[in-house]
Structure formats: structure tokens, C-alpha cells
Amino acid sequence: MQLPTPSPERLAASDEALKSLPGYSKHAPGDNEFAVLDPSTEERIATLPSMTPQEALAEVAIADKAGRTWAKTTPRLRSDTLHNVYSVLIANQQRLAYVISREMGKPLAEAQGEVQYAADYVRWYAEELLRPAGEYRENPAGGSTILTRRAPVGLALLIAPWNFPMAMITRKIAPAIATGCASVIKPAALTPLTTLLTVELMAEAGVPRELMRVVTTANPAAFSEAVLSDPRVRKISFTGSTSVGSTLMGLAAKNIVKSSMELGGNAPLIVFDDADLERAVDGAILAKLRNGGQSCVAANRFYVQDGIADAFVEAFSKRMSEVVVGNAIAEGVGLGPVINRNAVNNFQHLVSDAIAHGANLRTGGQAPEGNGYFFAPTVLDNVPAEARIANTEIFGPIAAISRFSTQEEVVSRANDTPFGLAGYVFTENLDRALNVADELETGLVGINNGVPSNPAAPFGGMKQSGLGREGSHEGLEEYQEIRYYNIARR
Ligand code: NAD
Numbered sequence: 001m002q003l004p005t006p007s008p009e010r011l012a013a014s015d016e017a018l019k020s021l022p023g024y025s026k027h028a029p030g031d032n033e034f035a036v037l038d039p040s041t042e043e044r045i046a047t048l049p050s051m052t053p054q055e056a057l058a059e060v061a062i063a064d065k066a067g068r069t070w071a072k073t074t075p076r077l078r079s080d081t082l083h084n085v086y087s088v089l090i091a092n093q094q095r096l097a098y099v100i101s102r103e104m105g106k107p108l109a110e111a112q113g114e115v116q117y118a119a120d121y122v123r124w125y126a127e128e129l130l131r132p133a134g135e136y137r138e139n140p141a142g143g144s145t146i147l148t149r150r151a152p153v154g155l156a157l158l159i160a161p162w163n164f165p166m167a168m169i170t171r172k173i174a175p176a177i178a179t180g181c182a183s184v185i186k187p188a189a190l191t192p193l194t195t196l197l198t199v200e201l202m203a204e205a206g207v208p209r210e211l212m213r214v215v216t217t218a219n220p221a222a223f224s225e226a227v228l229s230d231p232r233v234r235k236i237s238f239t240g241s242t243s244v245g246s247t248l249m250g251l252a253a254k255n256i257v258k259s260s261m262e263l264g265g266n267a268p269l270i271v272f273d274d275a276d277l278e279r280a281v282d283g284a285i286l287a288k289l290r291n292g293g294q295s296c297v298a299a300n301r302f303y304v305q306d307g308i309a310d311a312f313v314e315a316f317s318k319r320m321s322e323v324v325v326g327n328a329i330a331e332g333v334g335l336g337p338v339i340n341r342n343a344v345n346n347f348q349h350l351v352s353d354a355i356a357h358g359a360n361l362r363t364g365g366q367a368p369e370g371n372g373y374f375f376a377p378t379v380l381d382n383v384p385a386e387a388r389i390a391n392t393e394i395f396g397p398i399a400a401i402s403r404f405s406t407q408e409e410v411v412s413r414a415n416d417t418p419f420g421l422a423g424y425v426f427t428e429n430l431d432r433a434l435n436v437a438d439e440l441e442t443g444l445v446g447i448n449n450g451v452p453s454n455p456a457a458p459f460g461g462m463k464q465s466g467l468g469r470e471g472s473h474e475g476l477e478e479y480q481e482i483r484y485y486n487i488a489r490r
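The numbers in UniProt numbering rise by one with no breaks, and the one at position 304 of the sequence shown is 304.
Pasting the structure below:
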């Protein structure tokens, strides 16, 4: 099967965007270097230095010094700077989107959406930081007055995954800048280019370069051991897998470093008999296929009530089968490649294991031949609980559907996982929606809504999905210490 390829105009424009990166090169990587590949073609698109732990510590020193000055700036100055950053990011939306699509593989239209979403966090914090919270309290026993204040936590280590290479960075760096903190930033080695361009544009918009130090490395373990041993680092914000998050919490424990962890998910998506079928299918497509299913909040386990199951599976499978798969920057593509060959191999194993356990393949299940890491949108129905796919974070364009009879049964099955990030409920009955949402052990619930993330919302997980929140005023507090002065009165 021939997959769509990009027009010469788009290819040239995306090459231009890559070449605009500071110090851009794509020579064959040497000893202390690593290559970045385009998952649509498997071609090398950049070569970067793999910085040593010593080089990372030099960046810690620069950021720490700059942070001490930035901590004393006014909220107004920080707000104006972030508003400027928002404008510059949006003015460069197309350039950023090309870099995202080329290194990460999401379709260009989705990459443009990510730039807007990422910039929205910057704008949110530009506005939110102008309302600094502090309180005045009376000592109930009399004799003193208590003032609480919020202070910047100090130098923050920000570690991001590859799946939203821009949004996962701005969600961290914007509140750090807003509260008066400096950052050392480690992007994923698969997608460092978006971070480099984002930080370059932020510097052009007026954020001091010394405040945001990017460390590119192919050896993250040595990096985090060195940086988290340095007492100048007072905060870690990590987004990635639960196993790496757990290792980093261990390292952070040594110096009692304040930790925010946005970790893995295994989201249930529940469709009740009384759901609006069209709304449920639309929401399920978004919850499954946004970012090619490579999202921590992606719907992972589909539970559909007996009375609506046949109609839902029919309509949902039809929509999944119509999605156009191809090169991320080709016109009209709805699903780009997944991140690498390992992911494709993993999907093939998950699908054959599910079929061997008795699941019915409704559509997809194939990896098209040729270059690029593609996998067809796939629907498996009647997936038994013993199949591996029912017990793992899929992180790809495969929907694993099973059926249920009662509300009590589905809530118990939905909660039967160590993860607790997102859940989805589709029903036209408000009482049921709220009751089920209350019962789900997840940090966020989409009610008749396949895309629940928003800068105004406190995004984060329960159980092994993490600690802390990003976005909203709660996200700001992750970069602050609460202090108080107890003033004696006569
Ligand atoms: P990952 O844990 O393999 O990598 C995440 C980041 O950690 C990368 O930058 C990687 O280089 C770095 N890393 C790996 N080992 C490290 C170490 N020892 N020390 C320091 N850094 C280290 O995860 P991934 O494959 O990039 O991303 C997928 C995972 O991220 C999924 O589990 C997904 O659910 C999760 N995720 C969670 C959220 C959320 O907000 N909860 C958002 C996006 C992704």
C-alpha cells in the first residue's frame, strides 16, 4: 500500500524550519553525539551533542545564579515577559509545528494544535501570576498575627517525554518563570529539537537565556544522578513513565527535593447504553487517536454496555478504518507514524496475543511495509481480561474493547489498575455521569468529552500515575514554598 507523501513545498518548508535551529547540523554522529530521526522516513534529521554530567553541572551553576536575580523581579515584569513569549510562539506557530511533526511524527494540523496548546499554558501563567496568593490570619489564642507568603522554590530540574515535545516543556517552564525560578531542562533524546527552538524563541521574547538551560543527552541516568545530587537543585518536575519516575523520586529523596511526577496512565473509557452514540464515537475517536494514541490520557480500555455495544463497535470501527495514515507532513493525513520501530513491534505482539486469547479484530492490526514506523488504526472487540493488551499502557492507535452489564461491575473493572490518571464516561444521564466520575480513581474525568486537558485545569494523576498537578493555580504552587511570619502583638 502506498502511503501519502508530502508535497515538495511542505518538505522544503519543514527543512527550512529545521535548519533555522541554532547550530543545526545532521552529520553522522561521533562519540559524544546522538542523531534525531524522522519517524515518517527513518532519516537522520539532526545531530546533537550528548552532554556529560560535568557539562550538565556547569548549566546548573549558570541557572542557579540567574534564578537568584529573577526571584527578585516583580510579578508585573514576569507577566509582561510571558505575554511576549506567547506572542512570539504564536507568530512562529508554523515553524514550530514543522519541527514537531518532523521529529515526533504527529500530523501537521495536530502539531499546530500542540503549539497553540503549549502557548496557552504560557498565557495562562502570564495572567495567573498577577494574583499572588498570600493570607493574613489571626492566632486563635490571640497575641499574634500570622502572614503567609509564597516564595519561589528555587532551581528546577524539568524532564520531559517525547510525545508532546512542546506542551510538556511549556507546562513546566511557564510556571517556573512565573514564580521566579530558573530551570535546567532535559528534553527526550528522541525529540530535543522542539525544545531547543521553543527556548530560543523564549529568549528572543525577553526571557534571560541564563534562566533556561537545556541539556541534551543520550545518557539520562548519569545526568539525573549528577544533577539531583547537587544541593542547588530544589525542585524536579518529571513527565514520563512510572518506572523512571520512581527512580527519580529515589534520587530526589537524597536531598529532599520537592517533586512533581506526571506518570503513566491506563485510562478506562466507559460508554453506557443511554449515551448519545454519535457523541460517544466522536469522543472515543479523539480520546484514542489524538497524538496517535501516544498520550498519557489516551483511552486505553474501552468498556461498552451490552445494549449499545454492537452499534458502538460498528460505528467506531468504521471511523477508525477511514483514517488516512501517512507521512506526518503530507496533506490530508489523519494519523502519522508512531515513535519508533520498538513501538510497532510491540503493537504487533499485543494484537496477536489478544487474537490468540479470543478477541475479534474489527479493523487494522497491520504495520504497512516500507520505511517509517506506521501502524494502522486498530479495533479489537471482546478483548478478554487475560489478554496482555487489557493490562498495559498501549501508547498507540489500538482500541481494546470489552463489554459490561452493570454500573457496579464497570466501576470495579475500571479501577482494577495501579494507574489513575484519566477516565472517560459517556452517558446522557447527569446523575450517572457524576456518580461514576466520583467512583473512578483518576485525577481527571472527561464527561462526554474526549479531550479533557486545559491550562485552567489541575492536570495530574492518582495512584502510580503521579504526584502534583500541572496547569491552573495548583500548577503554580508546585514551584513555590509557603512561608509564614508570626508577628507578636501587644
Ligand atoms: P520515559 O520515562 O522513558 O522518558 C521520559 C523522559 O525521561 C525522557 O526525557 C527520558 O530521556 C528521561 N529519562 C529516562 N530515564 C531517565 C533517568 N534515569 N533519569 C532521568 N531522565 C530519564 O517516558 P517516555 O517513553 O518518553 O514517555 C512515555 C511515558 O510518559 C508514558 O508512560 C506516558 O504515560 C508518560 N506521560 C505522562 C504524562 C502525564 O502528564 N502524566 C504526559 C505524557 C507522557
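All C-beta atoms in this analysis are idealised placements derived from N, C-alpha and C, irrespective of residue type, glycine included. As the structure is a prediction and not an experimental result, all values here were calculated from the model.
### Neighbour-count burial assignment, P455, 16 or more Cβ in a 10 Å radius
Within the sequence shown, numbered from 1, the residue matching residue 455 stands at position 455. With 16 or more other Cβ atoms within 10 Å, it is buried.
### Message
Could you give the first and the last residue of the continuous beta strand (DSSP E) run that contains residue 555?
### Response
Residue numbering for the chain in the displayed model covers 1 to 490; residue 555 lies beyond these limits and cannot be assessed.
### Query
From E114, S241, L190, pick the residue whose C-alpha is nearest to that of T392; which is it?
For this step, residue 392 is matched to residue 392 along the sequence shown. Per the Cα distances, S241.
### Message
Just to confirm before moving on: does the CB-CB distance between R213 and V184 stay below 8 Å?
### Response
What you label residue 213 is simply residue 213 of the sequence shown in a count that begins at 1. What you label residue 184 is simply residue 184 of the sequence shown in a count that begins at 1. Contact flag set, yes.
#### Entry: Contacting residues, own chain, Cβ-Cβ under 6 Å from A71 (five flanking each side not counted)
As a first step, residue 71 is located in the sequence shown; it is residue number 71 there, counting from the start. Here the set comprises P152, G180.
### Message
Tell me which residue opens and which closes the beta strand (DSSP E) that I398 is part of.
### Response
Sequence index remark: in the sequence shown, residue 398 carries index 398 (1-based). That run of the beta strand (DSSP E) goes 398-404.
### Task
Count the other C-beta atoms from every protein chain shown that fall within 10 angstroms of the C-beta of F9, then say buried if there are 16 or more, exposed otherwise.
Taking the sequence shown and counting its residues from 1, one reaches residue 9 at position 9. Before going further, note that residue 9 is Glu rather than Phe in the sequence given. Flag for E9 reads exposed.
### Task
Using 7 Å as the cut-off, classify the Cβ of C296 as near or not near the heavy atoms of ligand 1, replying yes or no.
Here residue 296 refers to the residue found at position 296 when the sequence shown is read from its first residue. Flag set: Cβ of C296 near ligand 1.
### Message
For the pair the region 9-25 and the region 298-313, tell me if three or more CB-CB distances fall below 8 Å.
### Response
no
### Task
Check whether the Cβ of L265 lies closer than 7 Å to any heavy atom of ligand 1, and answer yes or no.
Numbered from 1 along the sequence shown, position 265 holds the residue referred to as residue 265. The residue asked about is misnamed: residue 265 is Gly in this sequence, not Leu. The answer is yes for G265.
### Task
Determine the contact status of G293 and P397, defining contact as a CB-CB distance below 8 Å.
Position 293 of the sequence shown, counting from 1, holds the residue named residue 293. Position 397 of the sequence shown, counting from 1, holds the residue named residue 397. Cβ atoms of G293 and P397: closer than 8 Å.
### Message
Quick check on Y485: buried or exposed, where buried means 16 or more other Cβ atoms within 10 Å of its Cβ?
### Response
Locating residue 485 in the sequence shown gives position 485, counting from the first residue. Its Cβ having fewer than 16 others within 10 Å, Y485 is exposed.
### Query
Between which two residues does the beta strand (DSSP E) harbouring G332 extend?
Here residue 332 corresponds to residue number 332 of the sequence shown, with the count starting at 1. Here G332 belongs to no beta strand (DSSP E), and DSSP marks it neither H nor E.
### Query
Beta-carbon separation of T216 and M51 under 8 Å?
Taking the sequence shown and counting its residues from 1, the one referred to as residue 216 is at position 216. Taking the sequence shown and counting its residues from 1, the one referred to as residue 51 is at position 51. Cβ distance < 8 Å, so T216 and M51 count as in contact.
### Query
Among the residues of its own chain, which have a CB less than 6 Å from the CB of V266, if the five just before and after it don't count?
For the purposes of this step, residue 266 is taken as the residue at position 266 of the sequence shown. Position check: residue 266 holds Asn in this sequence, whereas Val was assumed. Closer than 6 Å at Cβ, skipping near neighbours: N300, E393, T417, F419.
#### Entry: C-alpha distance - D31 paired with P377, whole-angstrom precision
As a position in the sequence shown, residue 31 is number 31, starting the count at 1. As a position in the sequence shown, residue 377 is number 377, starting the count at 1. D31 and P377: Cα-Cα distance of roughly 38 Å.
### Query
Could you give the C-beta distance for P220 and K186, rounded to a whole number, given that I count them as a contact under 8 Å?
Counting from one through the sequence shown, the residue named residue 220 turns up at place 220. Counting from one through the sequence shown, the residue named residue 186 turns up at place 186. Yes, they are in contact, since the Cβ atoms of P220 and K186 sit about 7 Å apart, within 8 Å.
### Query
Is F223 near ligand 1, in the sense that its beta carbon is under 7 Å from a heavy atom of that ligand?
Mapped onto the sequence shown, residue 223 falls at position 223. The answer is yes for F223.
### Task
Report the rounded CA-to-CA distance for S352 versus V383, giving the unit in angstroms.
Taking the sequence shown and counting its residues from 1, one reaches residue 352 at position 352. Taking the sequence shown and counting its residues from 1, one reaches residue 383 at position 383. Computed Cα separation, rounded: 12 Å.
### Query
Taking all protein chains shown into account, do 16 or more other C-beta atoms lie within 10 angstroms of the C-beta of E135, making it buried, or fewer, making it exposed?
Position 135 of the sequence shown, counting from 1, holds the residue named residue 135. With fewer than 16 Cβ atoms within 10 Å of its Cβ, E135 is classed as exposed.
#### Entry: Candidates S101, D120, N163, of which the one nearest L89 by Cα
The residue you call residue 89 lines up with position 89 of the sequence shown. Looking at the Cα atoms, D120 is the closest of the given residues.
### Task
Please classify S87: does DSSP put it in a helix, a strand, or coil?
The residue you call residue 87 lines up with position 87 of the sequence shown. Helix at S87.
### Query
Of the choices L248, I146, L197, whose alpha-carbon is the least far from that of M166?
Taking the sequence shown and counting its residues from 1, the one referred to as residue 166 is at position 166. For the residues L248, I146, L197, the minimum Cα distance to M166 belongs to L197.
### Task
Pick helix, strand or coil for R76, following the three-state DSSP scheme.
Counting from one through the sequence shown, the residue named residue 76 turns up at place 76. Residue state, collapsed to three classes: helix.
### Task
Tell me whether Q480 sits in a helix, a strand or coil according to DSSP, three-state version.
In the sequence shown, counting from the first residue as 1, residue 480 sits at position 480. Strand at Q480.
### Query
Is the beta carbon of V425 less than 8 Å from the beta carbon of V436?
On the sequence shown, position 425 is the one that residue 425 refers to. On the sequence shown, position 436 is the one that residue 436 refers to. Yes. Within cutoff.
### Query
Quick check: the region 244-254 against the region 268-287, are there 3 or more CB pairs under 8 Å?
no
### Task
Taking 8 Å as the cut-off, decide whether the C-beta atoms of L263 and G471 are in contact.
Counting from one through the sequence shown, the residue named residue 263 turns up at place 263. Counting from one through the sequence shown, the residue named residue 471 turns up at place 471. Cβ atoms of L263 and G471: not closer than 8 Å.
### Query
Buried or exposed: where does T406 fall if 16 or more other Cβ atoms within 10 Å of its Cβ makes it buried?
Along the sequence shown, read from residue 1 onward, the residue named residue 406 stands at position 406. The residue in question, T406, is exposed, as its Cβ has fewer than 16 Cβ neighbours within 10 Å.
### Query
So, are the CB atoms of I339 and R102 less than 8 Å apart?
As a working mapping, residue 339 is identified with position 339 in the sequence shown. As a working mapping, residue 102 is identified with position 102 in the sequence shown. Not closer than 8 Å, so no.
### Query
Any heavy atom of ligand 1 closer than 7 Å to the CB of I148?
Taking the sequence shown and counting its residues from 1, the one referred to as residue 148 is at position 148. Residue identity check: residue 148 is Thr in the sequence provided, not Ile. T148 Cβ: outside cutoff for every heavy atom of ligand 1.
### Query
DSSP beta-bridge partners for V325?
Taking the sequence shown and counting its residues from 1, one reaches residue 325 at position 325. DSSP output for V325 lists L335 as bridge partner(s).
### Alpha-carbon spacing of K318 relative to R362, whole angstroms
Numbered from its first residue, the sequence shown carries residue 318 at position 318. Numbered from its first residue, the sequence shown carries residue 362 at position 362. Using only the alpha carbons, I get a separation of about 9 Å.
#### Entry: Beta carbon of I487 nearer than 8 Å to that of S144
Translated into positions along the sequence shown, residue 487 becomes position 487. Translated into positions along the sequence shown, residue 144 becomes position 144. Result yes, Cβ atoms of I487 and S144 sit closer than 8 Å.
### Query
What residues match up with Y424 in a beta bridge as DSSP calls it?
The residue labelled residue 424 in the question sits at position 424 within the sequence shown. Paired residue(s): L269, G446.
#### Entry: Own chain, CB closer than 6 Å to I285, minus 5 neighbours either side, in chain order
For the purposes of this step, residue 285 is identified with residue 285 of the sequence shown, where counting begins at 1. Cβ neighbours of I285 beyond the five flanking positions: R319.
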